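Read left to right, the sequence shown gives residues 5 to 138 (the numbering used here). Quick reminder that beta carbons are idealized off the backbone N, C-alpha and C, glycines included. The structure presented is a predicted model; accordingly, all values stated were derived computationally and were not measured.
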Amino acid sequence: CQETIDLNFLGRTQEPGMSRSREGDMTLDEGRRKTIIHWVKPGATIFDAMYHYITVANKSAKWNYDLSGMEDVQIGQYEDGGHYTWHADIDPPCDQNFQRKLSCSIQLSDENSYEGGDLILQNANQLQIQHCLQ
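The structure is reproduced here in structure tokens:
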């Protein structure tokens with residue numbers, strides 16, 4: 005984990021975590037999300053490992069989704085007061101040529117080094133899902 009942090013954070017470009025508004029625009033809304041984002045591309049160890057295990061999970065769970073690739077990996081860095089409130093991983097309006105079928109989260113920090121930060125999943129609004137699949 006520390007190697008992944010060192011390779012992908014140190015000396016790399018950082019940008020504030022943006023969120024998509026209901027109108028589809030990317031906005032900085034620290035009420036919804038306060039993080040620093042680092043992007044990892046194919047070829048990086050963490051990217052390739054995640055892609056491998058996602059494809060293994062897809063097959064072993066017998067979901068058998070047609071996976072045509074993977075977005076760049078987004079690593080969120082949370083400092084004191086950082087947060088990300090309830091959100092869907094893909095919000096309408098969405099690109100009709102793109103469907104996110106599987107998401108994956110990996111904890112890189114020592115769980116004793118912070119408070120909070122639990123990953124909690126809830127059922128998505130069916131109307132949002134149907135909108136993206138139409």
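Span of the beta strand (DSSP E), counted from its first residue to its last, around residue i
| i | result |
| --- | --- |
| glutamine 81 | 77-81 |
| isoleucine 124 | Here isoleucine 124 belongs to no beta strand (DSSP E), and DSSP marks it neither H nor E. |
| isoleucine 2 | Only positions 5 to 138 of the chain appear in this structure, which leaves residue 2 out of reach. |
| isoleucine 40 | 40-44 |
CA-to-CA distance, residue j to residue i, given in whole angstroms
| i | j | result |
| --- | --- | --- |
| lysine 105 | serine 117 | 32 angstroms |
| serine 107 | leucine 11 | 22 angstroms |
| serine 72 | lysine 38 | 31 angstroms |
| isoleucine 50 | valine 44 | 8 angstroms |
| leucine 137 | tyrosine 69 | Since pLDDT at leucine 137 reaches only 45, below the 50 mark, its modelled position is unreliable, and the value read off the structure follows with that caveat. The straight-line gap from Cα to Cα measures roughly 14 angstroms. |
| histidine 135 | glutamate 83 | Because the pLDDT of histidine 135 is 43, which lies under 50, any placement of that residue in the model is unreliable, and the number read from its coordinates should be weighed accordingly. Histidine 135 and glutamate 83: Cα-Cα distance of roughly 34 angstroms. |
| valine 77 | glutamate 7 | 16 angstroms |
| aspartate 52 | isoleucine 110 | 13 angstroms |
| lysine 63 | phenylalanine 13 | 32 angstroms |
Beta-carbon proximity check, residue i vs residue j, cutoff 9 angstroms
| i | j | result |
| --- | --- | --- |
| glycine 80 | isoleucine 41 | yes |
| methionine 74 | tyrosine 55 | yes |
| glycine 146 | histidine 91 | Here the chain comprises residues numbered 5 to 138, so residue 146 is not present and cannot be evaluated. |
| cysteine 5 | aspartate 122 | no |
Contacts around residue i, its chain only, beta-carbon distance under 6 angstroms, and the 5 residues preceding and following it disregarded
| i | result |
| --- | --- |
| isoleucine 9 | Leu112 |
| alanine 61 | none |
Terminal residues of the alpha helix (DSSP H) in which residue i lies
| i | result |
| --- | --- |
| histidine 56 | 49-64 |
Neighbourhood of residue i by C-beta distance below 8 angstroms, restricted to the same chain and skipping five residues each side
| i | result |
| --- | --- |
| threonine 89 | Gly35, Arg36 and Arg37 |
| glycine 85 | Lys38 |
| isoleucine 133 | At isoleucine 133, the pLDDT of 47 sits below 50, so the modelled position is not reliable; the number obtained from the coordinates is stated separately. Counting only Cβ-Cβ distances below 8 angstroms, and skipping sequence neighbours, we find nothing. |
| alanine 48 | Leu11, Asn12 and Val77 |
Chain B within 9 angstroms of residue i, Cβ atoms only
| i | result |
| --- | --- |
| glycine 80 | The question asks about chain B, but that chain is absent: this structure has only one protein chain. |
Own chain residues within Cβ distance below 7 angstroms of residue i, not counting five before or after
| i | result |
| --- | --- |
| glycine 93 | Note that residue 93 is aspartate in the sequence shown here, rather than glycine. Hits under 7 angstroms: Arg104 and Ser107. |
| threonine 59 | Leu71 |
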